[in-house]
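Chains as they are written, first to last, in numbering that gives the first Met the number 0: chain A, 0 to 299; chain B, 0 to 299.
By construction, the Cβ of each residue, glycine as well, lies at the ideal position given by its N, Cα and C atoms.
The structure presented is a predicted model; accordingly, all values stated were derived computationally and were not measured.
Before any comments, here is the structure.
2 protein chains.
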Amino acid sequence: MTEREEDLELRLRRCREEVDREIERLLEEDSGIPERLRDAMGYSLRAGGKRLRPFLCIAAAELSGCPAEPVLPMAVALEMFHTASLIHDDLPCMDDDPLRRGKPSNHMVFGEGLATLAGDALLLWAFETAISKLLPVFPAERILGAIGEFAKAIGPSGVCAGQVLDTDPSSRESEDDFVWRIASLKTGALIRASVLAGGILGGLEDVKIEALYNYGTHLGLAFQVVDDILDVTGKPEQMGKTPGKDSVQGKVTFVSTYGLEKARRIARDESVKAIDSLSCFGQEADPLRSLARVLLDRSS
Amino acid sequence: MTEREEDLELRLRRCREEVDREIERLLEEDSGIPERLRDAMGYSLRAGGKRLRPFLCIAAAELSGCPAEPVLPMAVALEMFHTASLIHDDLPCMDDDPLRRGKPSNHMVFGEGLATLAGDALLLWAFETAISKLLPVFPAERILGAIGEFAKAIGPSGVCAGQVLDTDPSSRESEDDFVWRIASLKTGALIRASVLAGGILGGLEDVKIEALYNYGTHLGLAFQVVDDILDVTGKPEQMGKTPGKDSVQGKVTFVSTYGLEKARRIARDESVKAIDSLSCFGQEADPLRSLARVLLDRSS
């Protein structure tokens, strides 16, 4: 492990701890949430994961010297939405996956009805939390800018569009670029919104926001390619979800479209493009650069 | 029909037409929405209904002399969320209702997977639309205030909480006030947020916002009581949904808790309280007063 990678590991761990603490604080604080709903939301929020999106948001805010703490509600909002989308994704009427992050999926524990509502509640809690907690700290224009990017990224022309293309047989197209479209919507849009939201809250100038836009776009694609590769080569204990499901469900993936070797090359190319996008930043962007590098190690 | 009621009818119809037009415009405008998703969202958005929440939002904004047109995106956002909640509500894992507003429910036409995603997409489109369309017109603080009320009202301590209490058997409580809690969350929270959002966008002073808060609280309760009464006394062609479902599903309603006669009295009392809340307003609040009056006619 290089020094930079060690530094990244440390930062990722610290971010994960801060995000986990903030989630606990929020779950305890809101006394209006019915107990069973709180349990269902907390079950999936606590199931862990790398907290990659919060990390990206905070690292992007730090580019302008903004500390992590005031950005946490936005970072957690991104994770809330991500968790919600996984809960709905696992439902029998969608991907029908009984396992998520090594544990029974939400609906296996709480039933389909409550899992559907827990997903809805988390989607909405993301907005509620971001607005109420950021309002006393950041200028209203920046908050609206960040939340606006977030909403656009996850709505019907963002993540939801990707989910439909990914799961609805009649929406399928046969062209090679279909897999790029799915990936950039299903995965890329939220990853890009994570850095954009952090950058906007931090008050970065337009040219740097554009650089983050490009970084997020390429990182998101690299991330999805690596995920598709791991679905073929990964072991369940590494992944915490059921491997090989993509091909069983006949999904369009980078591996099914291009084969394993070319998929690995695409992941490398996108990762390099992500790093190259950050040329207008100095050392302060090293965590974002290291992340793009480390991501690749997962797939090779 | 009194003159005031005729005026209300006219206003309601005009509002419905404006909202319907805005919905069509938005569905056409956003070219990033996949066709099948757009069809599923549009199917339920177009299924009509009285557009009561948009009307409340616009009528509240008009209290300060604010015209309807700039408020439309907020009004439509309220309807988008309402539609989303109905789509998810009808799913087999929730209320399992094949009929909504006299037509097959969303999942009967598009399947459960796409219906779940169409609901998610509409929830998120509500925020995306409100933020992007209000931003050029209203001060950022007002937009955040309005959207913040909206998010709080529909999240895990608002509408979602009500849905859980209403559908999850283990969340049920036996006290008489349980039905009040369900109603104020499941129905009341969004109705109240509708007037608050309009009032905040219009820039009303705090004391008038508080009056709207009380009006919305009582109107929302009256609305739910009337709905419970109609579930027992209504005819399918009047209602556009399956009547008698509440008792079949063993739901806690005002009629099951208090009986028909007392439920009618509660509806009347809440309606009067709603009207009384508006005493700080002059004639400009007549549409909101008439609405509370006309609501009662539905149940008697």
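Only counting the same chain, and skipping five residues up and downstream in sequence, which positions put a Cβ closer than 6 Å to that of residue i?
i, result
"S193 (chain A)", "R52, L55, C56, L77"
"E61 (chain A)", "none"
"L113 (chain A)", "A39"
"V231 (chain B)", "V254"
"M79 (chain A)", "L121, W124, A125"
"F137 (chain A)", "L200"
"G215 (chain A)", "I190, R191, V194"
"A262 (chain B)", "V224, I228, F253, V254"
"H217 (chain A)", "E269, K272, A273"
"L203 (chain A)", "S63"
"P69 (chain B)", "V136"
"M107 (chain B)", "P97"
What does DSSP give as the partner residue(s) for residue i in the beta ladder?
i, result
"K185 (chain B)", "None, per the DSSP bridge assignment."
"R288 (chain B)", "In DSSP, R288 (chain B) forms no bridge with anything."
"P103 (chain A)", "A:L98"
Helix, strand or coil for residue i? Go by DSSP, reduced to three states.
i, result
"P72 (chain A)", "helix"
"R297 (chain B)", "coil"
"R15 (chain B)", "helix"
"R267 (chain B)", "helix"
"S170 (chain B)", "helix"
"V247 (chain B)", "helix"
"S43 (chain B)", "helix"
"I32 (chain A)", "coil"
"F149 (chain A)", "helix"
"E2 (chain A)", "helix"
"L277 (chain B)", "coil"
"M93 (chain A)", "coil"
"F137 (chain B)", "coil"
"P155 (chain A)", "coil"
"L200 (chain A)", "helix"
"T252 (chain A)", "coil"
"S193 (chain A)", "helix"
"D88 (chain B)", "helix"
"K49 (chain A)", "coil"
"S63 (chain A)", "coil"
"D175 (chain A)", "coil"
"G233 (chain B)", "coil"
"G110 (chain B)", "coil"
"G258 (chain B)", "coil"
Applying a beta-carbon distance threshold of less than 7 Å, which residues of chain B neighbour residue i?
i, result
"S156 (chain A)", "D29, G31, I32"
"R35 (chain A)", "V163, D167, S169, S170"
Please list, in chain order, the chain A residues whose beta carbon lies closer than 9 Å to that of residue i.
i, result
"L200 (chain B)", "Here the premise fails: no neighbours, minimum Cβ distance about 14 Å."
"M40 (chain B)", "P155"
Once you ignore the five residues that flank residue i on each side, which residues in its own chain have a CB closer than 7 Å to its CB?
i, result
"F222 (chain A)", "T186, I190, L294"
"D29 (chain A)", "none"
"V163 (chain B)", "S170"
"T256 (chain A)", "D175, V178"
"A284 (chain A)", "L62, L277"
"R50 (chain B)", "C14, R15, V18, E78"
Can you name, in chain order, every residue of its own chain whose Cβ lies under 8 Å from the Cβ of residue i, other than the five neighbours on each side?
i, result
"C279 (chain A)", "V206, K207, A210"
"I199 (chain A)", "R141, G144, A145, E148, I208"
Mind listing the chain A neighbours of residue i? Cutoff is C-beta to C-beta under 8 Å, in chain order.
i, result
"G147 (chain B)", "E127, I130, S131, L134"
"K151 (chain B)", "E127, S131"
At a CB-CB cut-off below 7 Å, which residues of chain A make contact with residue i?
i, result
"A139 (chain B)", "A139, E140, L143"
Subject >> Contacting positions in the segment 159-188 of chain A - beta carbon closer than 7 Å to chain B >> reply: C159, A160, Q162, V163, L164, T166, D167, S169, S170
Original post:
Taking a cut of 8 Å between CB atoms, which residues from the segment 198-230 of chain A lie near chain B?
Top reply: none
Subject >> chain B contacts made by the segment 104-137 of chain A, where a contact means CB separation under 7 Å >> reply: E111, G112, L113, T115, L116, D119, A120, L122, L123, W124, F126, E127, I130, S131, L134
**OP:** May I ask you to list, following chain order, the residues of the segment 83-100 of chain A that have a beta carbon less than 7 Å from some beta carbon of chain B?
**Re:** H87, L90, C92, M93
**OP:** Mind checking the segment 261-291 of chain A against chain B and listing, in chain order, the residues whose C-beta falls within less than 9 Å of any C-beta there?
**Re:** none
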